[in-house]
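What follows is a short report on a single structure.
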Amino acid sequence: MMNKMRNRLASFLLMMLISAFSFYNVDAQEVNDSVAPKKVRHRPKVGVVLCGGGAKGFAEIPILKAIDEAGVPVDYIGGTSIGSIIGSLYAVGYDPDVIEEMVRKQDWNNVIYDRIPLKYLPIEQKINTRKYLATFPITNGKIKLKSSMVDGVYVNMLLSRLMLPADNTHDYRKLPVPFYCIATDVEHATQYEMTKGDLSRSVRASMSIPFLFRPVSLDGKLLIDGGMVNNFPVRNMKERGVDIIIGVDLEDATIPASQIDNSLGLLESLMNLSSLEESLYARSNCDIYIRPNLHGRSMLSFNDFDSIIQFGEEAAKEFYPQFQKLASFLQDMEPYEINRPHVQPVDTLYIVDVQVEGVSKNHEAVVAREFGKDFPKKMTVNEIEDVIVKLRASGHYENMWYDIEQTDKGNVFKLHCEEIAAMSTAVAIHYDNNYGIGALVNFTVKNVLERLNRATLSVDVNIAENPYLKVNFYKHHRDMFRFGVDFSIYSLSLGQYTNKQLTNSYSIQDNKLDIYALLVPNLKNQIRIGAVGDLVHMRDFVGENSITGNYNFYSYLYLNYFFDNLDAVKYARRGWRINMLAKMVFFKGITEDITMAGMDADGIQGSFIGYFDLLKNIPIGRKSALKFELEGGMKLGVAEVPLFYQFFVGGQSKMRYFDNILAFTGLDFTDRIVDHIAVNKIAWQWNFYKSLYSTLHVDYGFMSDTYDSWFNSNSFVMGFGVSLGVDTMIGPVEVSLMGSNINSGLTGFINVGFWF
């Protein structure tokens, strides 16, 4: 209390020297109209302090704009969290209009949630199309929890890009507007004020919301969001001797218990409480104190930037007359001109060299090579970021950010990154009507042996009603070639129905060894060639011609071409998927000619099996899309293909334990088992509200056991249905209702989570 009285007395005495009236109003609801004497040597210094508050910080932009338009000189600016971002951009020299344009153009879902577009994923990940709920590194034999939900590659790139105009300024007092920001030192639970260093990293540390963004190691300290200890750093501005402080407060005075209904609301409330003492000090020590009415927006309401900016404009309009009076008052004391630079974002860099820091020597060359050769050369920032996202999507690198070192010859591009832990484990869950419930556990070891750099061993165990074990080893060879081995054991039970009556009940165990080579020219295409040995145990418990429980050995050679540029794993709106597969299957069997003659003959038989799937998504407006898919397969050769290699058609699951299980709307799971199929699938997908989707399906075509009757009217099948779904963190959750021309009544289907 005594300190507060001394501070107010000092302010009062100072203003008594420069004016017959006190200019200040602690709550800043009005500015005194009295005119100060003009014969004063130096005008008072003005500082702006911006509070943290996540997306709510967008409201600070119009207020800075109003300060500029009123002609108020800003001699110092500081902030915490989003306040540090907005404040640093202003300090670098971006005009508020430019900052607002950046906000409106940004894809905030990518920035906040680190959503790497599907086009950047390696082709093998697109083929798997599976999603783990969580991945945990294994260090020294112990599973460790990740320190954050997201790694932050997109927010790192955004800050690196925006701070490029000041990349050679390491003393923030030398920026066009001197600047400071606040982070929290985790080890000592104290604030850490940053006034020098790499500006993008300082700001990144200041806005590292606990558990959402990865903490930042800086100056030997582990730093998180400054809002944990000082969300409204007015005291820091006061200590700089600034005379007039304009403060923008984003904190809610209180958060009703009814609004603390999730972890985000609880975190926001805890941050407000933990920095309450500093916030109370700040509110009583601002000379112009502004708290925009944000109408309940939260710290992660990033997609509400339009309304938040509008709320900021309303506050700016309210306080604009006071800014004008302040500017007039300061001009009367001592005339001045505001000469801030009008900085624009950097689009292109002239790079003379690429340096990689934070990884082993083996990986330095691999990473640097991704940026190309023949330096020096010009690279756009978009090209640089594309490379960084591809490296992150590869699954080998994390915690990626960059800076520029300016030299006489040009810019040295420095990429900072870390290798992802060599060992990790991941988990996922899934349920659907066809395969039942399953829990997937994955173990992955990268760089298995020192001599086998970029070699990966992965083990999947699906603990489920239909379990499986899959072991995969593959090795990168140069940039485009890979070779590997897959070993898998699948167990699957399925029923075959005729008009809702069970006619066959199959139990299948498949033990497969697949040796393959890959040509991967880019992220969209893959050509795979391989040889498979297949030991299959298949039994029918219901059918009259029951298959006994003997193991049968099959082998085949295959060639597969896969192309995918869809924009999402589920609910894609645009792009193509092409999957073409050719198999030459060898087995011990009987030819049709010999069978017809009533003769048995043992021997190795061969048959060719072809399959294709062409999918095209066409967007219609912003909320819907049409999907056209052609799918077909056939058998060539006189040998009868073993039942296990025929096409099992029906159901809606995308799991596909085997590549010959094909989904078809309106049919029960594996309702038809045929040698020949040609169908067309049409769907209209509508994103009618936020993450909610409805989809209308119509599938139709021909399927038959024999080539001669393939396109007969009796082989025509048509299915139709509607699905309602929601896109969630664990994957799509859908409920479908379907019917067909060959089954009476309707069939339901439920899917929860991504397939694996």
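Under our numbering, the first residue of the sequence shown carries the number 330, and numbering increases by one thereafter. Glycine included, C-beta positions come from ideal geometry on N, C-alpha and C. Treat the numbers as computed from the prediction; the structure is a model and nothing was measured.
Using a Cβ-Cβ cut-off of 8 Å (strictly less than) and excluding sequence neighbours within five positions of residue i, which residues of its own chain qualify?
i, result
"serine 630", "Gly383, Ala384, Lys385, Ile637"
"methionine 330", "Residue confidence for methionine 330 is low, a pLDDT of 40 falling below 50, so the modelled location carries little weight and cannot support an answer."
"arginine 490", "Pro674, Val675, Val710, Glu714"
"valine 970", "Val914, Ser936, Ile938, Lys964, Asp1004"
From which residue to which residue does the alpha helix (DSSP H) around residue i run?
i, result
"tyrosine 442", "437-442"
"phenylalanine 648", "634-662"
"asparagine 801", "Note, asparagine 801: premise wrong, no alpha helix (DSSP H); beta strand (DSSP E) at 797-806."
"glutamate 714", "710-722"
"histidine 692", "690-698"
"asparagine 565", "563-567"
"isoleucine 467", "Not the alpha helix (DSSP H): isoleucine 467 falls in the beta strand (DSSP E), residues 463-468."
"aspartate 426", "425-434"
"aspartate 397", "389-399"
"arginine 530", "528-535"
Could you pull the start and end residues of the beta strand (DSSP E) that residue i belongs to?
i, result
"histidine 517", "Histidine 517 -> no beta strand (DSSP E), and no H or E assigned at all."
"asparagine 889", "880-893"
"glutamate 727", "726-735"
"glutamate 747", "740-748"
"serine 1052", "1045-1057"
"serine 936", "933-949"
"valine 484", "Per DSSP, valine 484 belongs to no beta strand (DSSP E); it is in the alpha helix (DSSP H), 482-491."
"leucine 1025", "1021-1033"
"serine 817", "810-827"
With residue i and residue j assumed to form a contact (beta carbons below 8 Å), what rounded beta-carbon distance in angstroms separates them?
i, j, result
"serine 417", "valine 545", "Actually they are not in contact, since the Cβ atoms of serine 417 and valine 545 sit about 15 Å apart, beyond 8 Å."
"isoleucine 445", "valine 849", "With a Cβ gap of about 18 Å, isoleucine 445 and valine 849 do not count as contacting."
"valine 563", "valine 696", "Not really, about 43 Å apart at Cβ, beyond 8 Å."
"glycine 641", "glutamate 389", "6 Å"
"valine 1008", "aspartate 1034", "Going by Cβ atoms, the distance from valine 1008 to aspartate 1034 rounds to 16 Å, so no, they are not a contact pair."
With a threshold of 16 other CB atoms inside 10 Å of the CB of residue i, please say whether the residue is buried or exposed.
i, result
"proline 494", "buried"
"phenylalanine 870", "exposed"
"tyrosine 883", "buried"
"arginine 433", "exposed"
"glutamate 686", "exposed"
"aspartate 554", "buried"
"glycine 962", "buried"
"glutamine 830", "exposed"
"glutamate 516", "exposed"
"alanine 518", "exposed"
"serine 753", "buried"
"leucine 474", "exposed"
"arginine 903", "exposed"
"alanine 694", "exposed"
"proline 705", "exposed"
"threonine 468", "exposed"
"histidine 805", "buried"
"phenylalanine 670", "Checking the sequence shown, residue 670 turns out to be proline, not phenylalanine. Exposed, since its Cβ has fewer than 16 Cβ neighbours within 10 Å."
"lysine 368", "Its pLDDT being 46, under 50, lysine 368 is placed unreliably in this model, and the coordinates cannot settle the point."
"asparagine 691", "exposed"
Among residues of its own chain, excluding the 5 on either side of residue i, which ones have a beta-carbon nearer than 6 Å to its beta-carbon?
i, result
"asparagine 908", "Phe891, Asp942"
"leucine 393", "Tyr419, Pro425"
"arginine 372", "Leu659, Met662, Glu663"
"isoleucine 758", "Ala768, Gly1082"
"alanine 357", "Residue placement at alanine 357 cannot be trusted, given a pLDDT of 36 that sits under 50; the coordinates are not used to answer."
"glycine 381", "Thr409, Ser410, Ile411, Gly412, Gly556, Asn560"
"asparagine 763", "Gly980, Ser982, Phe998"
"serine 836", "Ser822, Arg868"
"asparagine 840", "Ile818, Leu864"
Do residue i and residue j have their C-beta atoms within less than 8 Å of each other?
i, j, result
"glutamate 522", "asparagine 565", "yes"
"asparagine 497", "glutamine 855", "no"
"valine 1046", "tyrosine 1029", "yes"
"tryptophan 1039", "leucine 1025", "no"
"tyrosine 803", "phenylalanine 812", "yes"
"phenylalanine 973", "leucine 991", "no"
"asparagine 632", "tryptophan 905", "no"
"leucine 910", "tyrosine 887", "yes"
"asparagine 1080", "aspartate 761", "yes"
"arginine 857", "asparagine 894", "no"
For residue i, which residues of its own chain have a beta-carbon under 7 Å away from its beta-carbon, when the five flanking residues on both sides are left out?
i, result
"aspartate 480", "Asp443, Arg543, Glu727, Asn728"
"serine 608", "Asn560, Phe561, Glu580"
"valine 1027", "Ile1011, Phe1049"
"leucine 504", "Ala420, Val421, Ala495, Thr498"
"valine 401", "Val375, Phe652, Leu655, Ala656"
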